[in-house]
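See structure below.
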Amino acid sequence: MTDTTARTRVAAERPEGRLAIMLRHPLSTYYLLLGTTLLLLILGLIMVLSASSIESFRVHGSAYTLAERQAMFAVLGVVAMIFASRTSVQFWRGFSWVLFALAFGLLVAVLFIGVEVAGQRNWIDIIGPFRLQPSEFAKIALVVWGASLLSQRNRRLDSWSSLLLPLLPVALVMMLLVLMEGDFGNTLMLGAITVGLLFAAGAPMRLFSVLAGAGIVGIVLVTLAAPYRMQRFTSWLNPDADRLGFGWQVTQGQYALGTGGFWGVGLGASREKWGSLPEAHTDFIFPVIGEELGLFGTLAVLGLFALLAFAIFRLSRTTNDRFVRLAAAGVGSWIVFQAVVNIGGVLGLLPITGVPLPLVSYGGSSLVPTLVALGMLMAFAKAEPDARRALRRRSTAESLRRR
Amino acid sequence: MSERSNLRLLVLAVLVVSLLGTLLARAFYLQVVEGATYRAAAADNTVRETVEPAVRGLVLDQAGRPLVSNRTSVVVTVDRQTLEKEDDGGAAVIRRLARILDTPAAKISDRLTPCGTDGAKPPPVCWNGSPYQPVPVANDVDTRTALTIMEKRREFPGISARLEAIREYPSPFNVNAAHILGYLGPVTEEQLAEQGDSTAFDRLRRTDVVGRTGLEREYDAELRGEPGITTLAVDTAGNVTGTLEEKDPVAGSYLVSTIDAELQSVVEDQLVRAVQRARQQGYRGKSGAAVVVDVKTGRVLAMASYPTYDPSIWIGGVSKKQFKELINNESLSSNAYQGQFAPGSTFKVVSTAAAGKDNFNLYGIYPCPSSLKIGPQTFRNYESSAYGPISLTRALEVSCNTVFYDIARTMWQKAGGPDADATAPDPIADAAKAFGLGQPTGIDLPGEAAGTVSGRTFKYDNWEAKKETWCRNAEQGYPETRKTNPKLADYYTALDKENCTDGYQWRAGDALNAAIGQGDTTVTPLQMAMVYATIANGGKLYQPQVAKGVVSADGKVVKEFPPILKGRVDVPKKAIKFLKRSLPGVTTDGSGETPFLGFPLKQIPVASKTGSAQVTGDKASTSWFASYAPADNPRYAIVMMVTEGGTGSKTSGPSVRKIYEEIFGIRNGVVRPKTSILAGGAPQDSLPVVRADGTPVTPKGRNAGVVSTRTAGSTP
Numbered sequence: 001m002t003d004t005t006a007r008t009r010v011a012a013e014r015p016e017g018r019l020a021i022m023l024r025h026p027l028s029t030y031y032l033l034l035g036t037t038l039l040l041l042i043l044g045l046i047m048v049l050s051a052s053s054i055e056s057f058r059v060h061g062s063a064y065t066l067a068e069r070q071a072m073f074a075v076l077g078v079v080a081m082i083f084a085s086r087t088s089v090q091f092w093r094g095f096s097w098v099l100f101a102l103a104f105g106l107l108v109a110v111l112f113i114g115v116e117v118a119g120q121r122n123w124i125d126i127i128g129p130f131r132l133q134p135s136e137f138a139k140i141a142l143v144v145w146g147a148s149l150l151s152q153r154n155r156r157l158d159s160w161s162s163l164l165l166p167l168l169p170v171a172l173v174m175m176l177l178v179l180m181e182g183d184f185g186n187t188l189m190l191g192a193i194t195v196g197l198l199f200a201a202g203a204p205m206r207l208f209s210v211l212a213g214a215g216i217v218g219i220v221l222v223t224l225a226a227p228y229r230m231q232r233f234t235s236w237l238n239p240d241a242d243r244l245g246f247g248w249q250v251t252q253g254q255y256a257l258g259t260g261g262f263w264g265v266g267l268g269a270s271r272e273k274w275g276s277l278p279e280a281h282t283d284f285i286f287p288v289i290g291e292e293l294g295l296f297g298t299l300a301v302l303g304l305f306a307l308l309a310f311a312i313f314r315l316s317r318t319t320n321d322r323f324v325r326l327a328a329a330g331v332g333s334w335i336v337f338q339a340v341v342n343i344g345g346v347l348g349l350l351p352i353t354g355v356p357l358p359l360v361s362y363g364g365s366s367l368v369p370t371l372v373a374l375g376m377l378m379a380f381a382k383a384e385p386d387a388r389r390a391l392r393r394r395s396t397a398e399s400l401r402r403r
Numbered sequence: 001m002s003e004r005s006n007l008r009l010l011v012l013a014v015l016v017v018s019l020l021g022t023l024l025a026r027a028f029y030l031q032v033v034e035g036a037t038y039r040a041a042a043a044d045n046t047v048r049e050t051v052e053p054a055v056r057g058l059v060l061d062q063a064g065r066p067l068v069s070n071r072t073s074v075v076v077t078v079d080r081q082t083l084e085k086e087d088d089g090g091a092a093v094i095r096r097l098a099r100i101l102d103t104p105a106a107k108i109s110d111r112l113t114p115c116g117t118d119g120a121k122p123p124p125v126c127w128n129g130s131p132y133q134p135v136p137v138a139n140d141v142d143t144r145t146a147l148t149i150m151e152k153r154r155e156f157p158g159i160s161a162r163l164e165a166i167r168e169y170p171s172p173f174n175v176n177a178a179h180i181l182g183y184l185g186p187v188t189e190e191q192l193a194e195q196g197d198s199t200a201f202d203r204l205r206r207t208d209v210v211g212r213t214g215l216e217r218e219y220d221a222e223l224r225g226e227p228g229i230t231t232l233a234v235d236t237a238g239n240v241t242g243t244l245e246e247k248d249p250v251a252g253s254y255l256v257s258t259i260d261a262e263l264q265s266v267v268e269d270q271l272v273r274a275v276q277r278a279r280q281q282g283y284r285g286k287s288g289a290a291v292v293v294d295v296k297t298g299r300v301l302a303m304a305s306y307p308t309y310d311p312s313i314w315i316g317g318v319s320k321k322q323f324k325e326l327i328n329n330e331s332l333s334s335n336a337y338q339g340q341f342a343p344g345s346t347f348k349v350v351s352t353a354a355a356g357k358d359n360f361n362l363y364g365i366y367p368c369p370s371s372l373k374i375g376p377q378t379f380r381n382y383e384s385s386a387y388g389p390i391s392l393t394r395a396l397e398v399s400c401n402t403v404f405y406d407i408a409r410t411m412w413q414k415a416g417g418p419d420a421d422a423t424a425p426d427p428i429a430d431a432a433k434a435f436g437l438g439q440p441t442g443i444d445l446p447g448e449a450a451g452t453v454s455g456r457t458f459k460y461d462n463w464e465a466k467k468e469t470w471c472r473n474a475e476q477g478y479p480e481t482r483k484t485n486p487k488l489a490d491y492y493t494a495l496d497k498e499n500c501t502d503g504y505q506w507r508a509g510d511a512l513n514a515a516i517g518q519g520d521t522t523v524t525p526l527q528m529a530m531v532y533a534t535i536a537n538g539g540k541l542y543q544p545q546v547a548k549g550v551v552s553a554d555g556k557v558v559k560e561f562p563p564i565l566k567g568r569v570d571v572p573k574k575a576i577k578f579l580k581r582s583l584p585g586v587t588t589d590g591s592g593e594t595p596f597l598g599f600p601l602k603q604i605p606v607a608s609k610t611g612s613a614q615v616t617g618d619k620a621s622t623s624w625f626a627s628y629a630p631a632d633n634p635r636y637a638i639v640m641m642v643t644e645g646g647t648g649s650k651t652s653g654p655s656v657r658k659i660y661e662e663i664f665g666i667r668n669g670v671v672r673p674k675t676s677i678l679a680g681g682a683p684q685d686s687l688p689v690v691r692a693d694g695t696p697v698t699p700k701g702r703n704a705g706v707v708s709t710r711t712a713g714s715t716p
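Sequences listed follow chains A and B, in order. The first sequence begins at 1 in this note's numbering and counts up one residue at a time. The second sequence begins at 1 in this note's numbering and counts up one residue at a time.
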């Protein structure tokens, strides 16, 4: 399939689906990544505009204030994504330690100069209204650093210690720091990234049973330590018991989804966002999508995430570069796990952990790093040998045409 | 597609697909399979609450007699929700209701209109409560009408009659006590704003009434109780679909006051008589106050103010006209703790204490000429009488001004005369402050006045505050006044010029006036009573109290308010001792003698001091009579004053005597302790008993105060 004409001939001889042909294109992974990312982002912008309008009007006096901010974050994030998609694999590899040191420094710094927002002391004021959330930044840093570290440990992975040191203890310290800031959701995400990296690196299966056991114990301890988490947990087990209290949000979320039915009540027509459903534009945006756009809408969101996951793991699976494989697996487990935890929470399948829906929920400090990570994967996808060849050919053709 | 496919990543991919698949299945289940259920639940998921206010607690006097209670009233309410379902929107029902209640139908309609909608009358006519709460449209409906309404349910859908508690003043012994008890009013916007977005069940609601003044306000939290809340599930059409939560109201606690109802009524009566006495002498007798304090605890046993008003006019809200009237006759604020008056000669005890502190010989002999000349000014004695060289005790007895002028002048010169600055010693002002003058006493009633202590610092601060105006006026020379009256303008200009340059100076004249309680010094009658209570108890400064304790509606003691000792007055013991030895002489041989002629002073010696304070602009002096008794073992301090009332001994004195007679049980000059109006002969130490059903146990027989003790407070 190095020759276009050859490929067409093959297609003609053996009837193949158009989809399969498209997927065989050397740049298909790149386009899939770009396409699903942008679609989720646009869907998110529309839904944030709809879901935040009431809250925005109540707090800021204008229905558009929050949506405008989100649009600004999106522009900022897309610019950063484009920038990231034009970097090289070597850049990220060489940059990994710097990125890691920076993230770690910020995580420590936030303990001292952090600002508390909604009970979580995990924000650093930069200039004016701009704030940075180091725990969001830490996720991409852990992916890049961990991938770079594990890719150097090439074939010696059967030795547990070489695999676990220093990744596991460092990741644990990071998780502890994030937990100290009160950010339970991102602690889980860091855990997911670590497990994803180790899994893709080929760590022995026994390790994962140990990690799973330790993880469960950790989660139980952390849940018991904070009464509000305990209440979230018990109200998850039985939302009806405390319908007006902790179960309120989940119950209202399910009412919203149920009201939506197949086709939804129509864009902008959500009733739950009129104050019944708290956090309708952030963590609970999925029910608003379900209410306004129906099963059609929720299916679209799940489908887009499935496509995104497909693209990411495809990159991970097909690449020859160990670093790229690990980095893709890390980003993939992060985004998928975050989406599953968020959606599972609002659907009542999992307890509420307070993580936003990636690319869709309101919030710049979650959106921008996610877009950068995806931009990085786009750069990796373009750097694959086949893709590079296709791109080179395309630019040659273009320069010829211009001449 | 690649041969390098890694099994692991395939596993990961499968995991992801199954996770997303689970989510999809769940979303399908929620949105499609169970969708209808959730849709229905969402439709009736709105929550509304109806509020049943708690019965407000009673206010009892020190013996358990209710001063403020509740009576039940039949209230007719209209449920707007039900009315709106009628074909004609309820118009016919309202017409029928108007006929049976004998009021215009328009009045009921106005009442049913929510405040803020088009055509709504201003509150309290319009309805400012929740649309889900039945609107009360008529109070005190007679039982027969109420029964008719309740029987003809078909004719009156949504209308019901129920019993409600309404504030009532049983007035044992016709007691008034309006300024102590205070009154209720609707919650103010400020109070609502203050509590912010509170969602606590016992938060203030727009429909609540709260204490606005007096004890009702000071102890509002205790008296209010906790409202009963019913949380209803309401669907999108506004129909009630179920009850989610029910909480019964908790009745407010009873407040036990230190006031004795019978004594209070005597004091109120005697204050009115003192005012009448002033008017019989041809004076205006504009206002007055009287305070009775237990000197051993600082508890206020009675406190009256003239003029007063009927507290029951506030029930159901006052009209604009009524309110204007209350403002115009100045009866809304209490002269006893909110009025500030020049104390006149009653202040001489403070000056005496200051002399003792400044090492004057309290047992020395001082000249009492008819007048004292200082510079161009002459300072006279009352009616210019001269007594020659006399002791300080005698000077108090006959209230000789010139003795105190001389003492004040000596102090003033010692401090540096006219050249001394604001920091120079000022013994009289210091003593006044030591006795608690110039600052609120801290009584548990809102809005207490502080009074002023004239002195060097006061004069300086006053100049600081006013000098700009004075200097500007001196420069401009009153151009407006000059147009019509150049002479007056010249006078004003000269005065302001002097004030501008020298207004901070504490002059000899100022010092002399301050020594006899004239000039800028003002006190509240309550403050004066506390000064005499402090002398009587040997120097202990108590914080006056009107509340003694809180008892729950089922009779349990919630809290007691023990006496609050603020400290010892910073005046030498010998000075207090000297005053205690001298003041009984005022009653036996001095200016307080006349009103106490025939009083058994041998058995019950009375210490007193009269005062006749000159007030600029008033034709007659303020009549003061300050006292305590028994002088050999003091228990009560009584202060009475009448503005534009003449002399202390002629106007206030006789009333104070009468109050002592009632307290000690003196009939025709003979002491019969059993006839004392205080049940048991003295204020009760313990809180009165409230039975478990909410009935307070009150004194029997003559001391009961009311013909029938109504059981009030038990939930109707």
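By construction, the Cβ of each residue, glycine as well, lies at the ideal position given by its N, Cα and C atoms.
query                                                                                                       : result
Residues in the stretch 562-593 of chain B having any Cβ partner in chain A nearer than 8 angstroms         : none
Pair within 7 angstroms by beta-carbon distance, B/Ser-676 and B/Pro-595                                    : no
Paired residues, beta bridge with A/Trp-123 - DSSP                                                          : A/Val-115
Three-way DSSP call (helix, strand, coil) for B/Leu-20 in this model                                        : helix
Residues that A/Gly-345 contacts on chain B, provided the C-beta gap is smaller than 8 angstroms            : Result: empty, since nearest Cβ-Cβ is about 11 angstroms, beyond 8 angstroms.
B/Cys-126 - DSSP class collapsed to helix/strand/coil                                                       : coil
CA-to-CA distance, B/Leu-163 to B/Ile-149, given in whole angstroms                                         : 14 angstroms
7 angstroms Cβ cutoff met for B/Tyr-382 and B/Glu-644                                                       : no
A/Tyr-30 versus A/Lys-382 - alpha carbon distance                                                           : 6 angstroms
Selection of the stretch 322-338 of chain A by Cβ proximity to chain B, strictly under 8 angstroms          : Arg-325, Ala-329, Gly-332, Ser-333 and Val-336
The alpha helix (DSSP H) enclosing A/Arg-206, as first and last residue numbers                             : 205-225
Cutoff 7 angstroms: A/Ala-20 Cβ touching any chain B Cβ                                                     : no
Proximity test, Cβ basis, 7 angstroms: B/Ser-2 and chain A                                                  : Interpretation of B/Ser-2 is limited by its pLDDT of 34, a score under 50 that renders its predicted location unreliable; the figure taken from the coordinates is listed afterwards. So, interface residue.
Proximity test, Cβ basis, 7 angstroms: A/Val-340 and chain B                                                : yes
Contacts of A/Ser-316 in chain B (Cβ-Cβ under 7 angstroms)                                                  : Leu-9
Buried versus exposed, by CB contacts within 10 Å (16 or more), B/Leu-83                                    : buried
For A/Thr-298, the first and last residue of its enclosing alpha helix (DSSP H)                             : 285-318
Runs of alpha helix (DSSP H) wholly within the stretch 407-464 of chain B (minimum 4 residues, chain order) : 427-434
Interface residues of chain A facing B/Arg-26 [CB-CB closer than 9 angstroms]                               : Ile-343, Gly-344, Leu-347, Gly-348 and Leu-349
B/Ile-666 burial status per 10 Å Cβ neighbour count (16 or more: buried)                                    : buried
Residue from A/Ala-84, A/Glu-116, A/Phe-313 and A/Phe-305 whose Cα sits closest to the Cα of A/Val-341      : A/Phe-305
Alpha carbon of B/Glu-222 to alpha carbon of B/Met-411, nearest angstrom                                    : 50 angstroms
Residue environment, B/Met-530, which counts as buried when at least 16 other CB atoms sit within 10 Å      : buried
Close beta carbons around A/Leu-426, own chain, < 7 angstroms, minus the five adjacent residues each side   : One cannot answer for residue 426 of chain A here, as it falls past the ends of chain A, which runs 1 to 403.
Buried versus exposed, by CB contacts within 10 Å (16 or more), A/Ser-407                                   : Nothing about residue 407 of chain A can be read from this structure; chain A reaches only from 1 to 403.
Those residues which DSSP pairs with B/Tyr-636 across a bridge                                              : B/Asp-294 and B/Ala-629
CB-CB length for B/Ala-278 against B/Gly-592, believed under 8 angstroms                                    : That pair is no contact at about 17 angstroms.
Residues bridged to B/Pro-53 (per DSSP)                                                                     : Looking at the DSSP assignment, B/Pro-53 forms no beta bridge with any residue, so it has no partner.
Spatial distance of B/Gly-21 from A/Pro-278 (CA atoms)                                                      : 27 angstroms
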